[in-house]
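In the working numbering, the protein residues as written are 252 to 555. Input: a single structure, listed below in structure tokens.
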């Protein structure tokens with residue numbers, strides 16, 4: 252696939268994902284049994300101001316994006332389109348989807364919305380054109396403060412949930428279900444829709460990729476890992492292509508297990524094939540073996 256066709260595919264997948272994300276939000280709102288923390292905030296602000304829910308979603312996205320400035324994060328193309336498109340698509344969904352009052356219909360609509368949101372998340376994050384404004388805020392605070400991802404995410408979402416609840420947003424069983432299920436669902440859809448760029452595209456179009464991706468790491472914010480070294484096959488956190496290039500460059504010059512060692516034959520398995528847990532276990536075992544060997548050498552009596 253040529254670079255132009257690959258970029259077209261990435262843009263098409265991004266736009267489809269953002270549109271479906273807004274429709275999924277509308278489905279959960281119309282279900283009426285609770286929504287995600289950020290949507291609780293948007294609902295509350297909409298009720299108090301009289302503004303359309305979709306417009307408030309856009310305004311909240313812009314406000315969150317402003318917090319990127321002190322965090323020194325640069326948005327990618329996907330970040331900007333997220334702010335611009337999710338709100339209108341959510342408003343379209345609210346226009347065509349009627350409010351449900353029967354419990355069975357509410358549950359079915361909410362479940363459908365949650366499943367669609369997981370698919371949409373995989374679609375818009377998969378092209379790796381920049382994270383959403385809320386994910387970028389989370390990873391930016393993590394990078395600047397050193398606080399764990401889970402603590403930053405929990406703090407942000409509890410704050411917006413409480414504010415939205417006081418403003419009249421809909422907090423219910425759906426809110427709890429969203430918190431418990433969105434992570435496992437996204438762990439399935441994110442690897443499925445992830446787009447891997449060929450190495451030649453990563454080297455010849457590095458400047459363009461940097462502009463499209465921005466500087467924030469992409470993340471659903473559900474697991475704490477280093478975004479520059481975490482592989483999409485292992486779970487939620489996704490590295491950008493810029494991070495991939497940086498990691499591959501570091502690996503070629505490092506003493507990490509899996510790289511070429513001065514006293515060992517090169518391993519046929521690349522560093523990319525080693526998962527974090529395997530690397531930790533290998534380091535632990537290697538350290539114990541060499542430590543035992545050094546201790547025996549020190550205890551061995553010297554010959555005259």
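We put the beta carbon where it would ideally sit given N, CA and C, even for glycine.
Residue 419 and residue 288 have their C-alpha atoms roughly 12 Å apart. If you draw a straight line from the Cα of residue 321 to the Cα of residue 273, it is about 28 Å long.
In the three-state reduction of the DSSP assignment, residue 439 falls in the helix class. Counted as a single uninterrupted DSSP element, the stretch harbouring residue 379 is not any alpha helix (DSSP H), since DSSP gives it neither H nor E. Excluding five sequence positions before and after residue 279, the CB atoms of its chain that fall closer than 6 Å to its own CB belong to 286, 361 and 364, given in chain order. Look at the region 379-415 and you find no whole run of beta strand (DSSP E) that is 3 residues long or longer. Here the region 335-353 makes no contact with the region 404-415; the two share fewer than three CB pairs at distances below 8 Å. 416 is the residue among 425, 416 and 432 whose C-alpha sits nearest the C-alpha of residue 298.
In the three-state reduction of the DSSP assignment, residue 318 falls in the coil class, being assigned neither a helical nor a strand state.
Shown here for residue 370: same chain residues with a beta carbon closer than 6 Å to its own, the five before and five after excluded, namely 440 in chain order. If you draw a 10 Å sphere on the C-beta of residue 324, you find 16 or more other C-beta atoms in it, and that means buried. Shown here, residue 286 sits in coil according to DSSP, grouped into three states, outside any helix or strand. Residue 377 and residue 317 have their C-alpha atoms spaced approximately 24 Å apart.
Boundaries of the alpha helix (DSSP H) around residue 333: 328-347. Annotated three-state conformation of residue 273 is helix, per DSSP.
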